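A short worksheet on the structure shown next.
In our numbering, the protein residues as written are 748 to 987.
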């Protein structure tokens, strides 16, 4: 799988001998299709120490725009250079379409440093918009993923913000999230999340908890309906 992904990156970067040039860091802007939203602090500090000692060894890949350059691959290197006040960075300039930029950024991040499942899902959503004509199977092949993975990404995209945040913070697993998504509102989800955290519940135990919450909500709804029916009957009797 890794060999296949690396081959895809090489193809998008270009297999021909490309010129490496130094470009001003101040003119480099974030890839709008970058799937990663969180960069590990310790890993960034380690990268900065490496750049301080050896410089940027591997050139970034960028594309020229009307206002400067957009990062295709190498955002962490550019961030490190900006934080270290380094004026320029080695780069390979490529003419890539938005779809190619998105695909390359997704693949690079997926195999070099694990994205969170939420970041992957959000990135998948953008890729899906770019490649609307592709079936699930075709898209899975394009990204080097399984069809089951693509289907899971679709489900995660539909989760509430509460569940997504819990996934991002690694408070729960995707198995927990799948079960929590059965709850009707975020208030119930927050109650369940607190119990999961406090009691370190497994996904199986969470399923039992969710069933219990759903039963309680169902019984509460029945009780409310019964009270409403009685009030309506009393009101009708008073009128007559």
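All C-beta atoms in this analysis are idealised placements derived from N, C-alpha and C, irrespective of residue type, glycine included.
All values reported here derive from a predicted model rather than from experimental measurement.
Whether residue 827 touches residue 807 by CB criterion (8 Å): In the chain shown, residue 827 corresponds to position 80, counting from 1. In the chain shown, residue 807 corresponds to position 60, counting from 1. No, the Cβ-Cβ distance between residue 827 and residue 807 is not below 8 Å.
Where residue 819 falls: helix, strand or coil (DSSP): On the chain shown, residue 819 is found 72 positions in, with the first residue counted as 1. Reduced to three states, the DSSP call for residue 819 is strand.
C-alpha distance - residue 943 paired with residue 868, whole-angstrom precision: Residue 943 sits at position 196 when you count from the first residue of the chain shown. Residue 868 sits at position 121 when you count from the first residue of the chain shown. When rounded, the distance between both Cα atoms is 23 Å.
Range covered by the alpha helix (DSSP H) that runs through residue 835: Within the chain shown, numbered from 1, the residue matching residue 835 stands at position 88. Looking at the DSSP string, residue 835 is not in any alpha helix (DSSP H); the run it does join, the beta strand (DSSP E), is 835-840.
For residue 917, the nearest candidate out of 814, 825, 863 and 810 (CA to CA): The residue labelled residue 917 in the question sits at position 170 within the chain shown. That would be 863, whose Cα lies nearest to the Cα of residue 917.
Among 788, 913, 769 and 888, the one whose alpha carbon lies nearest that of residue 804: Position 57 of the chain shown holds residue 804. The shortest Cα separation from residue 804 among 788, 913, 769 and 888 belongs to 769.
beta-carbon residue 956 near the ligand SAH non-hydrogen atom, thresh 7 Å: Because no ligand of any kind appears in the structure shown, any question about the ligand SAH cannot be addressed here.
Reduced DSSP category for residue 776 - H, G, I as helix; E, B as strand; rest coil: Position 29 of the chain shown, counted from the start, is the residue given in the question as residue 776. The answer is strand: DSSP assigns residue 776 an E or B state.
Test item: CB-CB of residue 899 and residue 921 under 8 Å: Numbered from its first residue, the chain shown carries residue 899 at position 152. Numbered from its first residue, the chain shown carries residue 921 at position 174. Cβ distance < 8 Å, so residue 899 and residue 921 count as in contact.
Close beta carbons around residue 960, own chain, < 8 Å, minus the five adjacent residues each side: Looking up residue 960 in the chain shown gives position 213. Closer than 8 Å at the Cβ level, and outside the excluded window around residue 960, lie 930, 935, 938 and 939.
Straight-line Cα distance separating residue 840 from residue 767: Stepping through the chain shown from its first residue, residue 767 is reached at position 20. Stepping through the chain shown from its first residue, residue 840 is reached at position 93. Each residue's alpha carbon lies about 8 Å from the other.
Cβ neighbour criterion (16 or more within 10 Å) applied to residue 906: Residue 906 sits at position 159 when you count from the first residue of the chain shown. Buried, since its Cβ has 16 or more Cβ neighbours within 10 Å.
Where residue 812 falls, given that 16 or more other Cβ within 10 Å makes a residue buried: Taking the first residue of the chain shown as 1, we reach residue 812 at position 65. Exposed, by the Cβ-count rule.
Beta-carbon spacing of residue 830, residue 795 below 8 Å: Within the chain shown, residue 830 is the residue found at index 83, counting from 1. Within the chain shown, residue 795 is the residue found at index 48, counting from 1. It is a contact, given that the beta carbons lie within the stated cut-off.
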